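Residue numbers (the working numbering): 12 to 293.
This report refers to the structure that appears directly beneath it.
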Ligand SMILES: [Zn+2]
């Protein structure tokens with residue numbers, strides 16, 4: 012059996028068992044094995060890789076691995092222009108848009124809260140997720156690394172973190188989204204961009220106190236939901252700022268109190284009491 016020496020860099024090591032991280036290791040392969048096969052056989056989805064060197068020279072995913080090759084693989088830098096050597100994949104997505112797998116419903120709502128175009132359905136199948144990602148040039152975020160091994164998926168990312176705070180921080184950092192954040196612009200439920208609406212037109216749908224206290228309202232053209240800046244707005248803004256300032260300090264990460272953000276900034280529960288406090292039903 013032929014073998015090659017594989018060395019993974021930076022976060023690509025997340026896919027390896029502890030004893031193989033940050034160190035060269037041997038990997039056996041059969042006839043016709045491409046370097047994409049070799050990497051994915053080691054557990055690394057191709058969407059996570061942006062540069063492969065074989066014996067010091069850049070190669071594409073289709074490169075046929077040869078006995079004794081030394082293969083180095085480097086991760087995607089979605090947010091940065093890396094050198095012309097990064098010829099493996101299409102250009103980085105300059106306007107990051109996302110499609111999320113069925114396990115990431117809360118993250119979908121938070122990304123919408125931050126203003127990012129995010130498609131999520133709790134009944135998406137793997138096939139459909141991959142198709143939507145490819146057809147609409149959306150970054151596929153998933154907790155299933157296997158999903159990213161599908162060849163039609165060119166932009167994808169395996170979400171490492173498991174708590175919502177860390178996930179939000181991880182994605183913002185990973186895709187360098189901070190400067191693009193636009194809070195409270197998008198419907199949390201259906202992803203449409205909100206539009207201002209005259210209070211008189213929706214006054215009959217508002218709770219009495221809301222009608223008294225607020226003047227500015229937005230409506231979702233997709234699902235007709237009404238939004239306004241209720242008392243939770245400030246708390247949510249602080250929460251987001253805190254989350255994005257997390258860095259690597261795990262002490263800062265505690266479960267948010269009660270039913271936090273997405274649903275509460277506009278208190279839609281007063282309009283549709285049966286919708287809260289349930290999970291997303293997008
Ligand atoms: Zn909507």
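Here a beta-carbon is modelled for each residue, glycine too, at the ideal position from N, C-alpha and C.
Predicted model, so just to flag it, every value in this text is computed and none were measured.
Residue i CB to nearest heavy atom of ligand 1 below 7 Å
i: residue 18; result: no
i: residue 233; result: yes
i: residue 236; result: yes
i: residue 203; result: yes
i: residue 198; result: yes
Segment limits, beta strand (DSSP E) that includes residue i
i: residue 60; result: 60-65
i: residue 229; result: 228-230
i: residue 39; result: 36-40
i: residue 131; result: 129-131
i: residue 193; result: Here residue 193 belongs to no beta strand (DSSP E), and DSSP marks it neither H nor E.
i: residue 18; result: 13-19
i: residue 51; result: Counting along the chain, residue 51 falls outside any beta strand (DSSP E), though it belongs to the alpha helix (DSSP H) covering 46-52.
i: residue 111; result: 109-111
Cβ-Cβ separation, residue j to residue i (assumed contact under 8 Å), whole Å
i: residue 1; j: residue 36; result: Residue numbering for the chain in the displayed model covers 12 to 293; residue 1 lies beyond these limits and cannot be assessed.
i: residue 161; j: residue 141; result: 5 Å
i: residue 69; j: residue 63; result: 7 Å
i: residue 198; j: residue 236; result: 6 Å
i: residue 38; j: residue 53; result: 6 Å
i: residue 80; j: residue 146; result: Rounded, the Cβ-Cβ distance is 35 Å, inconsistent with contact.
i: residue 360; j: residue 45; result: Residue 360 is absent from the structure shown; the chain starts at 12 and stops at 293.
Enclosing alpha helix (DSSP H) for residue i [first to last residue]
i: residue 248; result: 243-255
i: residue 76; result: Looking at the DSSP string, residue 76 is not in any alpha helix (DSSP H), and its letter there is neither H nor E.
Buried/exposed call for residue i, threshold 16 Cβ in 10 Å
i: residue 189; result: exposed
i: residue 34; result: exposed
i: residue 30; result: exposed
i: residue 43; result: exposed
i: residue 206; result: exposed
i: residue 28; result: exposed
i: residue 6; result: Because the chain is modelled from 12 through 293, residue 6 falls outside the range shown and cannot be assessed.
C-beta neighbour in chain D for residue i, strict 8 Å
i: residue 187; result: Absent from the structure is chain D; it holds one protein chain and no more.
query: Where in the region 141-179 do unbroken runs of the beta strand (DSSP E), each at least 3 residues long, occur, reported from the N-terminal end onward?
result: 150-153 and 167-169, all fully within the region 141-179.
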